[in-house]
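Written below as C-alpha cells is the structure these notes are about.
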Amino acid sequence: MTHRLLTGPKLVLATHNKGKVREVAALLAPWGFEVVAAGELGLPEPAETEEDFLGNARIKALAAAVASGLPALADDSGFSVAALDGAPGVRTADWAETPAGRDYAMAMGKVEKLARHAADRGAWFSCALVLAWPDGHTEGFLGEAHGAWVWPPRGANGFGYDPMFVPKGGAETFGEMTPEAKHAISHRADAFRQLSAACLPPR
C-alpha cells in the first residue's frame, strides 16, 4: 500500500483539547513542523457522528484541512473497560460532559461505580490518528495501550482518565508517569509510530 508523505512546513492539529495539543506537538517536534491548533485558528468543532475512533478522527481532520487549506492531523481517543463491554469507548468525552464543561473526576467515578464489583479489571486506551489534506485524501492509524483500571485515581499528570489506568506490566498510572514515560508506551505513541513510518519523511 502506498501512503502519501506529509511535507511541511505547517500542520493544523484538529483539536481544542490542550492536553492532546501538548502530546501530539511533542511527538511531531523532531520533524520541525510548524504546528497550530484548530482552536487557535477559531475553527469550529464538527459533530462526531461515527461509531468508531477512526471515523470520528476522519471527520475532524477533513473539516480542519478544508477550512484551513492546510494538511490537518486529528486524534480521536477513548478509554474502554472490559467489564462495561468496552464503554465508555467512543463516548469517553460524553461521559465527562456537564453543564459547566467536562468533569473527568466525575467520569472516572462513573466508571468505578458501574464496574466496582466486576472481577475483570481489564481496560485499554485507543487512539486513532488521521491525516487529511485539503483535496480530501486521508491516512488513518489506530493504536492501543492495554492494562487495568484502578481506584482511587492516582497522579496529577496527563489528562482525562489517565489517573485510573495502569498499563500492562507497570506500577504507575498514566497520571503518575512523567510525560516522557507515558509518550513511550501510550496508545497515542502506538498510533504515531505507525503514522510516522508511513507518512512522515525520514529524519
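Take the sequence shown: its position 94, counting from 1, is numbered 173 in my numbering, and each next residue is one higher.
Where is the CB? At the ideal position from N, CA and C, for every residue including glycine.
Source: prediction; values computed, not measured.
Rank the options by C-alpha distance to the C-alpha of residue i and give the top, closest one.
| i | options | result |
| --- | --- | --- |
| Ala184 | Arg101, Trp212, Phe238 | Phe238 |
| His82 | Thr217, Gly248, Ala140 | Thr217 |
| Gly248 | His225, Val229, Glu255, Pro258 | His225 |
| Ile264 | Glu223, Pro232, Trp230, Thr177 | Glu223 |
| Glu119 | Gly234, Ala144, His95, His266 | His95 |
| Leu266 | Met80, Gly87, Leu106, Leu84 | Here residue 266 turns out to be His, not Leu, going by the sequence shown. Nearest option by C-alpha distance: Leu106. |
Along the alpha helix (DSSP H) that carries residue i, what are the first and last residues, could you check?
| i | result |
| --- | --- |
| Asp269 | 266-278 |
| Lys97 | 97-107 |
| Val145 | 132-147 |
From residue i to residue j, what distance separates their C-alpha atoms?
| i | j | result |
| --- | --- | --- |
| Ala108 | Lys89 | 12 Å |
| Asp214 | Ala161 | 39 Å |
| Met187 | Gly98 | 17 Å |
| Ala116 | Pro280 | 22 Å |
| Gln273 | Ala136 | 15 Å |
| Ala197 | Lys189 | 14 Å |
| Gly180 | Thr171 | 14 Å |
| Ser147 | Ala227 | 39 Å |
| Gly157 | Leu92 | 18 Å |
| Glu176 | Ser159 | 17 Å |
| Ala283 | Leu210 | What is shown of the chain runs 80 to 282, which leaves residue 283 out entirely. |
| Asp173 | Val114 | 27 Å |
| Glu259 | Glu102 | 10 Å |
| Phe220 | Val100 | 18 Å |
Since residue i and residue j should fall inside the 8 Å C-beta cutoff, what is the C-beta to C-beta distance between them, to a whole number of angstroms?
| i | j | result |
| --- | --- | --- |
| Ala153 | Cys206 | About 11 Å separates the two Cβ atoms, so there is no contact after all. |
Quick check: is the beta carbon of residue i nearer than 9 Å to any beta carbon in chain D?
| i | result |
| --- | --- |
| Ala93 | The chain inventory of the structure shown lacks chain D, comprising one protein chain alone. |
Where does the unbroken beta strand (DSSP E) through residue i begin, and where does it stop?
| i | result |
| --- | --- |
| Val114 | 113-116 |
| Gly157 | 151-160 |
Beta strand (DSSP E) segments (min. 3 residues) lying fully within the stretch 163-210:
Runs found: none.
Return the chain-ordered ranges of every beta strand (DSSP E) run that is complete within the stretch 220-261 and spans a minimum of 3 residues.
Correct list: 244-246.
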